[in-house]
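One line per chain: the protein sequences are A and B, in this order.
Heads up: the first sequence begins at 1 in full-length UniProt numbering, then just goes up one per residue.
Heads up: the second sequence begins at 1 in full-length UniProt numbering, then just goes up one per residue.
Since the structure comes first, as structure tokens, the remarks are kept for the end.
2 protein chains.
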Amino acid sequence: MTESTAAQRRQPRSRPETLAKRRDILDAAVEIFGSKGFAGGTLQEIADQVGMTHAGILHHFGSKDQLLLEVLSHRDETDVADLEEQHIPGGMALFRHLVRTAFVNAHRAGIVQAYVVLSAESVTDDHPGRVFFQKRYETLRGEVARAFEVVCAERGVAAPDTIELASASILAVMDGLQVQWLLDPAAVDLGRASEFAIEAIVDSVLSPSPSPLA
Amino acid sequence: MTESTAAQRRQPRSRPETLAKRRDILDAAVEIFGSKGFAGGTLQEIADQVGMTHAGILHHFGSKDQLLLEVLSHRDETDVADLEEQHIPGGMALFRHLVRTAFVNAHRAGIVQAYVVLSAESVTDDHPGRVFFQKRYETLRGEVARAFEVVCAERGVAAPDTIELASASILAVMDGLQVQWLLDPAAVDLGRASEFAIEAIVDSVLSPSPSPLA
DNA sequence: GTTAACTTACTATCAAGTAAGTAAGTAACG
DNA sequence: CGTTACTTACTTACTTGATAGTAAGTTAAC
């Protein structure tokens, strides 16, 4: 009946404000999930912050899980720390970029907290963010490893097999320092500590010393 | 009336089995909070695991928050990683101990996960475990810093001002590697990566090199 | 016989998700 | 150009289900 006509009917574009509204919701969700965790934060709280009901949010995102996933991928636009989509500095510039990021992050406690909380929470059973963080770390480790290879090639050093260990370690130390810094900002200098550790690890790859623990 | 007599009445000691039961509950709580988080885990699940109702658990611990706090302090008996109460190896032995711990932890995913999840969750607003983890990191950083000082003294090196940064970094890298390892055990060698990073950081304190990033 | 160690049963609360309705926008068509 | 046809962007109201905590009762140890 109307079927055939309906099929070829125009697709009435979503309103332009809708995109802005979605961004607002995502921003609010980062804040709430960051400050309360995913399990602890509620749609109601997010809705309150954007002046809506929680049903309105479900209208946009379908479910709380889906909202989280979109929050995580949305971050690229917000989080300076991310390398994946940006033009990636190669070689030694990447390590400098990571250090700079740590210094910048020291002024962005909200976003840092969101990532700390959500990444750790993602290791729990059936967490909707788990796959996201698995891929994220895999990608980031790959980027760092490639930077190491480039640097080794530049210096004519044979790329040692410590590169994988070092790549994971650099990301790890940045994350771990964030936890300590969030718990007690006065006790840990996020920027300087990250700088120190990254330098130590890079140095250890480029000019391995005999183990001091032996 | 009976008040005065009751006051001096024997305090009918808790049954010997009670202690064992409490331990069972704490063990189950570690597992549940570890696998679901504190906000995500429920008293019901914990109760199921020890063959009780959730009210029985509240009888022993009073509240969910209190249970968490007891879980966290109970850990000393279970978690090999902890240094606070054990006789602490000093100087270089401490770093060796940390490395050994990392290798051991690679076979204790359950407990590792509990600490990763709970420590990160503790940075959220009004989390009952926050103070615990603040103190814990403060103590651990102190232990590591003291080990650095001892080692520096042994070698006749002036203790550099990088010790604080290094102490936080060593704990950070261990924690951060745990997250990556839990997300993808095949991709990260928890023991070897921890060893590598700790050696790099210790080495960097003992014999500082000019910054490779400069 | 008192108290610890529970259970059962209940309460209060709060969560995500659904259903149905409404107002306003947008396109198609005559 | 304006009516019609339909969609988006919500709201209100509800359902369903779970959760921490409480109160009162029961059993058995000491």
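Ideal placement from N, C-alpha and C gives every residue a C-beta, glycine not left out.
Closest Cβ-Cβ distance between residue i and chain A: below 7 Å?
i, result
"residue 40 of chain B", "yes"
"residue 36 of chain B", "yes"
"residue 180 of chain B", "yes"
"residue 201 of chain B", "yes"
"residue 115 of chain B", "no"
"residue 61 of chain B", "no"
"residue 188 of chain B", "yes"
"residue 100 of chain B", "no"
"residue 204 of chain B", "yes"
"residue 146 of chain B", "no"
Is the CB of residue i under 7 Å away from at least one CB in chain B?
i, result
"residue 131 of chain A", "no"
"residue 177 of chain A", "yes"
"residue 64 of chain A", "no"
"residue 21 of chain A", "no"
"residue 185 of chain A", "no"
"residue 160 of chain A", "no"
"residue 212 of chain A", "yes"
"residue 48 of chain A", "no"
"residue 88 of chain A", "no"
"residue 120 of chain A", "yes"
"residue 167 of chain A", "no"
"residue 80 of chain A", "Because the pLDDT of residue 80 of chain A is 49, which lies under 50, any placement of that residue in the model is unreliable, and the number read from its coordinates should be weighed accordingly. Not an interface residue."
"residue 124 of chain A", "yes"
"residue 134 of chain A", "yes"
"residue 173 of chain A", "yes"
"residue 108 of chain A", "no"
"residue 95 of chain A", "yes"
"residue 196 of chain A", "yes"
"residue 155 of chain A", "no"
"residue 192 of chain A", "yes"
"residue 209 of chain A", "yes"
Under a Cβ-count criterion, where at least 16 other Cβ atoms within 10 Å of its own Cβ denotes burial, should residue i be classed as buried or exposed?
i, result
"residue 175 of chain A", "buried"
"residue 203 of chain A", "buried"
"residue 212 of chain A", "buried"
"residue 121 of chain A", "buried"
"residue 168 of chain B", "buried"
"residue 190 of chain B", "buried"
"residue 195 of chain B", "buried"
"residue 51 of chain A", "exposed"
"residue 17 of chain A", "exposed"
"residue 155 of chain B", "exposed"
"residue 200 of chain B", "buried"
"residue 3 of chain A", "With a pLDDT of only 37 at residue 3 of chain A, under 50, the local geometry of the prediction cannot be trusted, and the value read off the model is given with reservation. When all chains shown are included, residue 3 of chain A counts as exposed."
"residue 101 of chain A", "buried"
"residue 178 of chain A", "buried"
"residue 214 of chain B", "exposed"
"residue 166 of chain B", "buried"
"residue 280 of chain A", "As displayed, chain A neither begins before 1 nor continues past 214, which places residue 280 of chain A out of reach and without an answer."
"residue 127 of chain B", "buried"
Can at least three beta-carbon pairs, one atom from the segment 88-99 of chain A and one from the segment 47-67 of chain A, be found at a separation below 8 Å? Contact fails: fewer than three Cβ-Cβ distances are below 8 Å.
Residue ranges of each alpha helix (DSSP H) run of no fewer than 4 residues wholly in the UniProt domain "HTH tetR-type" (19-79) of chain A, ordered along the chain? As far as the UniProt domain "HTH tetR-type" (19-79) of chain A is concerned, its whole alpha helix (DSSP H) runs of at least 4 residues are 43-50, 54-61 and 64-78.
Pairs of beta-carbons, one from the segment 99-115 of chain A and one from the segment 14-32 of chain A, closer than 8 Å: are there three or more? Proximity of the segment 99-115 of chain A to the segment 14-32 of chain A meets the contact definition, three or more beta-carbon pairs being nearer than 8 Å.
Go through the segment 144-205 of chain B residue by residue and report every complete run of the alpha helix (DSSP H) that reaches 4 residues or more, in order. At a cut-off of 4 residues, the continuous stretches assigned as alpha helix (DSSP H) that sit fully inside the segment 144-205 of chain B are 163-183.
Using 8 Å as the cut-off, can you tell me whether the segment 173-191 of chain B makes contact with the segment 145-152 of chain B, which would need three or more C-beta pairs spanning the two stretches below that distance? Note that the segment 173-191 of chain B does not touch the segment 145-152 of chain B; fewer than 3 beta-carbon pairs, one per stretch, sit closer than 8 Å.
Is it true that the segment 132-144 of chain B meets the segment 129-146 of chain A, where meeting means three or more beta-carbon pairs spaced less than 8 Å apart? Contact fails: fewer than three Cβ-Cβ distances are below 8 Å.
Which residue spans inside the segment 103-133 of chain B form an unbroken alpha helix (DSSP H) run of at least 4? At a cut-off of 4 residues, the continuous stretches assigned as alpha helix (DSSP H) that sit fully inside the segment 103-133 of chain B are 109-121.
Are the segment 36-53 of chain A and the segment 121-131 of chain B touching by the rule of at least three beta carbon pairs closer than 8 Å? Segments in contact, yes.
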